[in-house]
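The structure appears right after this line, and notes come after that.
2 protein chains.
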Amino acid sequence: MDDRKQRVLLAIIQDYVATAEPVGSRTIARKYQLGVSSATIRNEMADLEEMGYIEQPHTSAGRVPSITGYRYYVDSLMKRESVPPDLEKIIREGLEHTVGDVGGLIHYTGQLLAKLTSYAALVMMPGLFGGRIRHIQLVPLVLPRVTLVVVLDGGTVQNHVFEVPEGIGEEDLAVISAVLSAKLKGMTVAGIRRTVMSEINLELSRYRDVLNKALEVLADERGSAGAGKIYLDGMFNILNQPEFQNVERVRTLLGLLEQEEVLKELLAETAPSAGVTVRIGSEMSSRYVAECSMVSAVFRMGGRDVGTLAVLGPTRMEYARIVPLMEFAARSLTVYLNRLVAGRGDW
Amino acid sequence: MDDRKQRVLLAIIQDYVATAEPVGSRTIARKYQLGVSSATIRNEMADLEEMGYIEQPHTSAGRVPSITGYRYYVDSLMKRESVPPDLEKIIREGLEHTVGDVGGLIHYTGQLLAKLTSYAALVMMPGLFGGRIRHIQLVPLVLPRVTLVVVLDGGTVQNHVFEVPEGIGEEDLAVISAVLSAKLKGMTVAGIRRTVMSEINLELSRYRDVLNKALEVLADERGSAGAGKIYLDGMFNILNQPEFQNVERVRTLLGLLEQEEVLKELLAETAPSAGVTVRIGSEMSSRYVAECSMVSAVFRMGGRDVGTLAVLGPTRMEYARIVPLMEFAARSLTVYLNRLVAGRGDW
DNA sequence: AGTTAGCACTCGCCTTAAAGGAGTGCTAAC
DNA sequence: GTTAGCACTCCTTTAAGGCGAGTGCTAACT
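This is the structure we're talking about:
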C-alpha cells in the first residue's frame with residue numbers, strides 16, 4: 000500500500016466518521032489536499048476497494064470503510080488525539096472527590112465515560128476478586144438462613160445467603176466467624192490457598208457442612224473472574240447516532256444490552272493489562288453488534304486485573320479520540336482505586 | 000352515558016388495544032354484535048367524541064380512545080381477566096424456589112413481570128427500610144476510611160463508606176460497634192427513636208463525631224423512604240409495540256428510563272398499600288411518558304410498604320390483563336418476603 | 001507511465017401526480 | 001330512533017420523471 004493510497008484511505012475514514020455519508024472522489028479532492036484530481040482519486044479508490052479496505056453501498060454511491068479498512072486505520076494510520084487537558088481534569092477531579100467504596104468509584108467512571116464519549120459505556124465490576132479481606136462473618140438471619148458477609152479493604156461488601164443445618168445456633172456461627180476472621184483477614188480472596196482452607200476445616204471439623212458451604216461461596220466468586228456486576232450507561236447516547244435511526248437496529252442492539260451474559264463475554268475478550276483493545280464489527284463474537292465497535296481496557300488493583308471499562312458505539316467511531324481517552328480513564332481509575340486501598344501512596 | 004354508548008366505547012377500546020389501528024364504525028358493527036348498523040354507531044361515536052372519550056387522528060380516520068376514555072374504561076367498564084392458573088403457578092414457584100436475600104426475590108419478581116406482561120417492568124427496592132437489624136458494625140478499611148455495614152433479617156446488606164477523625168483506631172471502632180449492636184439489634188431502621196440515639200450518644204460521648212456520622216447514614220436511609228435502588232427490566236419489550244416504531248419516541252422514552260430520579264418520582268406516586276394504581280398518559284407527572292401508562296402496586300414487609308412494582312407500556316395497554324396480574328404479583332411478593340424474615344409463618 | 005479532463009451511464013432519492021380506500025357526516029327515507 | 005345511500009375528506013400507496021452524486025472508461029496530455 001503506497002503512501003498516497005494510505006492518505007486516500009485516511010481521508011475517506013476521517014470524512015465518513017465525521018459525516019456518516021458515503022464519501023466520493025470529488026469530496027476528497029476538494030476537502031483534503033492531496034494535490035491530485037478526483038479522477039486520480041477514483042483510480043486509487045478502485046484499487047482500495049479491490050484490496051478490501053473500502054466498500055460501495057451501491058454503484059454510484061461514494062465509498063464506505065470496511066471492517067478491514069477500519070482495522071488498518073486503527074493499527075497503522077490513526078494519529079491518536081491527545082486527551083484534552085480539561086477532560087483530564089474532569090476525570091481526575093471527579094475520581095479524586097468521589098467518596099465511597101470501590102464500586103462507587105468504578106460506577107462513576109462509567110457514567111463519566113458515557114458522558115465524555117457520547118457513546119454507551121459498559122463497566123464490569125470486580126467480584127470479590129480485587130481486594131484484601133477486612134472482615135468476614137456469618138450473620139444469622141432467620142435461622143436456618145444465614146448470610147456470609149465479606150468486607151474488602153476497598154469498601155466492597157458482598158454477601159451471600161444460604162441455609163445451615165438444623166441445630167446450628169448463633170453461638171456456633173460466632174465461633175465459625177471468629178476462626179474465618181482470624182485465618183482469612185488480610186488475604187485476598189484470590190489468594191486463599193487450599194492449605195488455609197483445610198487448616199480451617201481441621202480446626203472446625205464439627206462444622207464441616209457450614210464451612211464447606213461458606214468456602215464454596217467464596218470459591219464461586221473467585222472462580223468466575225468476570226462474575227462481577229455489569230453497569231451500563233448512556234445507551235441513550237447511541238440513539239443519537241445516525242446509523243440508529245432505524246428501529247430494527249435499535250431493537251437488536253437493545254436486545255443485546257439486556258443480556259448480561261453476552262455483555263460479559265464481550266467484555267471478557269478484552270486483552271489483559273496492556274493498553275486498549277479495539278474490536279470492530281464482526282471482530283466481536285456476538286452477531287448482534289455487527290454494526291458496532293467496542294473500545295475496552297482493563298483496570299487493576301494490587302497489580303491484578305480486576306475489571307473492565309468499555310465504550311460501545313457504531314463502527315464509525317472516533318477511534319482517534321476514544322482510544323487515548325479510554326487509556327487515560329483506565330489508568331486513572333487504577334490509580335485512584337489503589338489509593339483507596341493503600342492510603343495516599345500510589346500503587 | 001347510556002348502555003349502548005358504553006358498549007360502543009368498550010368495543011372501540013378493545014379493538015384498539017388489540018390492533019393499534021384507529022377503529023371505524025364498520026369494524027365495530029361487523030366484529031362486535033351490537034345489533035345496530037354502522038350508521039347508528041357513527042352517531043354514537045360522534046357523541047362519544049363530543050364527550051371526550053375518543054378522538055380522531057384526522058377526518059376520515061377511525062377513532063382512538065382518549066386518556067379520558069381509557070380512564071373511564073379502567074374505572075367502570077373493564078372486566079378484569081382472572082390470572083391464568085399457569086401464570087399463578089409460575090410466579091408462586093418462582094418465588095418459592097428463589098434462594099437468597101430480599102433483594103434477589105424482588106429483582107426476580109421484576110424480571111418475571113417483564114416476561115409475563117411483555118412490557119417494561121420497574122422495581123423500586125426498599126432501602127434499609129423494611130427489616131430488622133441483625134448486625135451492625137463499623138469495619139475499618141484503610142484508616143481513616145471505614146464502612147458501616149448493616150445486615151437486615153431479610154438478608155439485605157447495606158454499607159456506607161466514610162472517614163473517621165484522626166486517632167480513631169480499630170479498638171475504638173470495635174467499642175462503638177459493640178454498643179451500636181447492643182442498642183440497635185432487633186430494631187427496624189425506621190423504628191430507631193431519637194431517644195435511643197441520644198442514649199447511645201451518651202454512652203459513647205468520646206466518639207461523638209464518628210457516631211453522628213454513622214447515625215446520619217442510617218437516618219439518610221430512613222428519611223428517603225423511596226431512596227432504594229431501581230431495577231428496570233424488559234425495556235426491550237416496549238420496542239415491539241407498534242407505537243414505538245418511531246425512533247424519536249424511543250429516544251424520549253429511553254432518555255426517561257435512564258434518569259433514576261424521574262423514575263423514582265413516578266413510582267412514588269403509587270397509592271399506598273391498597274391495590275393497584277393505574278396511571279394513563281398525562282396522568283403521570285413526567286411529560287416524557289405522554290404515550291405511556293403505568294400500572295403499579297406496592298409490596299409490604301412487616302405491615303409496612305417497602306417497595307413498588309410497576310409495569311410501563313403504551314397507553315394502549317391490556318389493562319384488563321395487567322391489573323390483576325400486578326395485584327397478584329405484589330401480593331405474592333409480599334407473602335414470600337415476609338416468609339423470608341419470619342420463618343414459615345405467613346404474615 | 002502516471003495523471004487528468006471529459007463524458008456517458010447508473011442508481012438512489014425526492015418531488016409530483018394520480019389512483020385507491022377507509023371512514024366520515026349528512027340527508028332522506030323507513 | 002334507525003338505516004341506507006352518497007358525497008366528501010384525507011391519508012396512503014404507487015408510478016413516473018427529474019435531479020444529482022458518483023462512478024468507470026477513454027483519450028489526451030505531461
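First to last, the sequence lines map onto chains A and B.
First residue of the first sequence: 0, per numbering that gives the first Met the number 0; consecutive thereafter.
First residue of the second sequence: 0, per numbering that gives the first Met the number 0; consecutive thereafter.
Beta carbons: idealized from backbone N, C-alpha and C, even for Gly.
With a CB to CB cut of under 7 Å and the five nearest residues on each side skipped, what residues in its chain are close to residue i?
i	result
B:V16	R315 and E317
A:S37	S24, R25 and A28
A:P271	V297 and D304
B:E215	none
A:L210	I175, I199, N200 and L203
B:D100	G153, G154 and T155
A:G254	Y287
B:L172	L137, P139 and V145
B:R62	I11, P21, V22, M44, E48, I53, E54 and Q55
A:E80	A319, R320 and P323
A:R70	I279
Please return the same chain residues whose Cβ sits closer than 6 Å to the Cβ of residue i, not counting the five positions on each side in sequence.
i	result
A:R41	S24
A:V150	R133, H134 and V156
B:Q240	P313
B:G222	Because the pLDDT at B:G222 is just 46, under 50, the model does not fix this residue reliably, and the point stays unresolved.
B:Q136	V148 and S176
B:S295	T269, T276, T307 and A309
B:Y72	I12
A:Y107	T97
For residue i, go through chain B and note every residue whose CB falls closer than 7 Å to its CB, in chain order.
i	result
A:H57	Chain B residues near A:H57: none, gap ~23 Å exceeds 7 Å.
A:V148	V148, V150 and V156
A:V340	V141
Starting from residue i, find everything on chain A with Cβ-Cβ shorter than 8 Å and list it in chain order.
i	result
B:P139	R133
Report the neighbours of residue i on chain A: residues whose CB is nearer than 9 Å to its CB, in chain order.
i	result
B:E348	Beyond the ends of chain B as shown, which are 0 and 346, falls residue 348 of chain B; an answer cannot be given.
B:V98	R144, V160, F161 and E162
B:L238	V246, V249, R250, L253 and G254
Under 8 Å Cβ to Cβ from residue i, same chain only, skipping five residues before and after it: list those, please.
i	result
B:K30	A10 and D14
A:G306	I105, V122, M123, M124, P125, G129, G227, V297 and F298
B:E264	S284 and S285
B:E162	P143, R144 and V145
A:V195	K182, L183 and M186
message: Which complete alpha helix (DSSP H) runs does the region 69-132 of chain A hold, if anything under 4 residues is left out?
response: Complete alpha helix (DSSP H) runs here, min 4: 84-96 and 101-116.
field: Contacting positions in the region 23-38 of chain A - beta carbon closer than 7 Å to chain B
entry: none
task: Evaluate the contact criterion for the region 91-99 of chain A versus the region 62-81 of chain A: three or more CB pairs, one atom per stretch, below 8 Å.
output: no
message: Beta carbons nearer than 7 Å to chain A: which residues of the region 101-117 of chain B have them?
response: none
- request: Output the residue ranges of the beta strand (DSSP E) runs that lie fully inside the region 142-186 of chain B and measure 3 residues or longer, sorted by chain position.
  value: 144-151 and 156-162
message: Give me the subset of the region 244-256 of chain B whose CB atoms are less than 7 Å from a CB atom of chain A, sorted by chain position.
response: Of all residues in the region 244-256 of chain B, Q244, V246, V249, R250, L253 and G254 have a Cβ within less than 7 Å of some Cβ in chain A.
query: Which runs of the beta strand (DSSP E), 3 residues or longer, sit entirely within the region 290-317 of chain A?
result: Correct list: 291-300 and 303-313.
task: Give, in chain order, every unbroken run of the alpha helix (DSSP H) that is at least 4 residues long and sits entirely within the region 238-294 of chain A.
output: 246-256 and 259-267
- prompt: Of all the alpha helix (DSSP H) runs that stay within the bounds of the region 12-36 of chain A, which reach a length of 4 or more residues?
  reply: 24-30
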